[in-house]
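To start, the structure itself, in structure tokens.
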Amino acid sequence: MCIGIPSKVVAINEQVAEVEALGETRQVSLILMSETVKLGDYLLIQVGNFAVEIIEPERALEAIAYLQDIAQQENIIATQQESN
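Going by this note's numbering, the first residue of the sequence shown is number 337, and it counts up by one from there.
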């Protein structure tokens with residue numbers, strides 16, 4: 337299974353965008369995008385650092401909150417296991 341992580345566009349240079357997600361930035365290719373990408377758009381990024389879709393901010397923020405919640409729960413579980 338492949339999970340795309342919503343990422344916010346913070347810079348664009350021709351066919352490459354710098355995006356931010358979960359506190360990290362990275363460069364992604366825009367060559368697969370049929371829509372015009374703008375600063376502030378949220379993109380769905382797939383394996384290989386290719387942007388594949390612009391998504392609505394509300395949907396992106398919901399997904400990011402969900403991923404952060406899962407990461408926090410995993411951290412709690414790992415911490416509990418280490419203390420046993």
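Just so it is clear, CB atoms sit at the ideal spot from N, CA and C, and this is done for glycine as well.
Scan the stretch 345-398 and note each continuous beta strand (DSSP E) run of 3 residues or more that stays entirely inside, going in chain order. 352-357, 360-365, 378-382 and 386-391
Residues bridged to Ile341 by DSSP? Ile381
Pro393 classed as buried or exposed, judged by whether at least 16 other C-beta atoms fall within 10 angstroms: exposed
Using the Cβ count rule (16 or more neighbours within 10 Å means buried), how would you classify Pro367? Inspection of the sequence shows that residue 367 is occupied by Ile rather than by Pro. With fewer than 16 Cβ atoms within 10 Å of its Cβ, Ile367 is classed as exposed.
Among residues of its own chain, excluding the 5 on either side of Glu356, which ones have a beta-carbon nearer than 6 angstroms to its beta-carbon? Lys344 and Val346
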